[in-house]
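Mapped onto the working numbering, the consecutive letters of the sequence shown carry residue numbers 1 to 105.
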Amino acid sequence: MTFVNVLRTALSGIAANKLRTGLTMLGIIIGVASVIATLALGNGARAAVENSFRFLGSDQIQVSGQFTVEDGEPKPAGKLLSYEDGLTLPDAAPLIDRVEMTVRG
Numbered sequence: 001m002t003f004v005n006v007l008r009t010a011l012s013g014i015a016a017n018k019l020r021t022g023l024t025m026l027g028i029i030i031g032v033a034s035v036i037a038t039l040a041l042g043n044g045a046r047a048a049v050e051n052s053f054r055f056l057g058s059d060q061i062q063v064s065g066q067f068t069v070e071d072g073e074p075k076p077a078g079k080l081l082s083y084e085d086g087l088t089l090p091d092a093a094p095l096i097d098r099v100e101m102t103v104r105g
């Protein structure tokens, strides 16, 4: 079979089965769009995390007390961190250079 015969057979099959051809094309388009959207979401999430680390700094950590939400209001879930806890951190971990404490409320 020559290339022209193969092309003629393919085109006649497409012309004879228009609905199947259309549905196949629609499936391919939706599949490609899904892959592109998934990759874009992944890249966006990665960029957001990288920006967060860039803002915070790779050599800093943030420690906070745990809270739960009861009746629409945040409530402590266990022991909260105290000012004294912040003061003892450099003694407990010698690699800590500096401790900054903030209170939100």
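The beta carbon of each residue, even a glycine, is placed where N, CA and C say it ideally should be.
Practice problem: Please state if the CB of Gly65 and the CB of Ala77 are separated by a distance shorter than 9 Å. | Solution: For the purposes of this step, residue 77 is taken as the residue at position 77 of the sequence shown. For the purposes of this step, residue 65 is taken as the residue at position 65 of the sequence shown. Yes, they are a contact pair.
Quiz item: In the stretch 17-44, which residue ranges form an unbroken beta strand (DSSP E) of at least 3 residues, counting only runs that do not cross its ends?
Solution: none
Practice problem: Alpha carbon to alpha carbon, how far is Asp97 from Gly42? Give it in angstroms, no decimals. | Solution: Along the sequence shown, read from residue 1 onward, the residue named residue 42 stands at position 42. Along the sequence shown, read from residue 1 onward, the residue named residue 97 stands at position 97. Computed Cα separation, rounded: 35 Å.
Self-check item: Beta-carbon proximity list for Val99, same chain, < 8 Å, skipping 5 on both sides
Solution: The count along the sequence shown starts at 1 and reaches residue 99 at position 99. Answer for Val99: Gly86, Leu87, Leu89 and Pro90, listed in chain order.
Practice problem: Compare the Cα-Cα distances from Gln62 to each of Ile36, Pro94, Met101 and Gly13 and report the closest residue. | Solution: What you label residue 62 is simply residue 62 of the sequence shown in a count that begins at 1. Residue Met101 is the option with its Cα nearest to Gln62.
Self-check item: Whole-number beta carbon distance between Ile29 and Thr21, since they are thought to touch under 8 Å
Solution: What you label residue 21 is simply residue 21 of the sequence shown in a count that begins at 1. What you label residue 29 is simply residue 29 of the sequence shown in a count that begins at 1. Wrong, their Cβ atoms sit about 13 Å apart, outside the cutoff.
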